[in-house]
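In my numbering, the protein residues as written are 329 to 404.
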């Protein structure tokens, strides 16, 4: 979760493609996680559900502040 937050904290622009690239690079490429294990916890933190509309599009629609706030709350 911390790696996801760090990857998105200074992301510009806040777009679906940029969010997907940043999380892919940080979690899958950087930490070697499988996408399912990388994005599942982020999905739950951001949407509150294990199954949701597409994650990256949801984050774009929620906006930077709300998405990062939800990730921060998940960090505790």
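Virtual Cβ for every residue (Gly too), placed ideally from N, Cα, C.
query                                                                                                                                      : result
Rounded C-beta distance between residue 314 and residue 379? I'm assuming under 8 Å.                                                       : Residue 314 is absent from the model: the chain starts at 329 and stops at 404.
With a cut-off of 8 Å on the beta carbons, I'd call residue 399 and residue 346 a contact; round off their distance for me.                : Between residue 346 and residue 399 the Cβ distance is about 16 Å, and since that is not below 8 Å, they are no contact.
Give the single residue among 401, 391, 403 and 404 whose Cα lies nearest to the Cα of residue 340.                                        : 391
Please tell me whether residue 350 and residue 335 are closer than 8 Å, where the distance is taken between their beta carbons.            : yes
Would you kindly check if the distance between the Cβ of residue 329 and the Cβ of residue 403 is under 8 Å?                               : yes
What residues in its chain sit with their C-beta under 6 Å from that of residue 344, if we drop five residues either side in the sequence? : 384, 385 and 388
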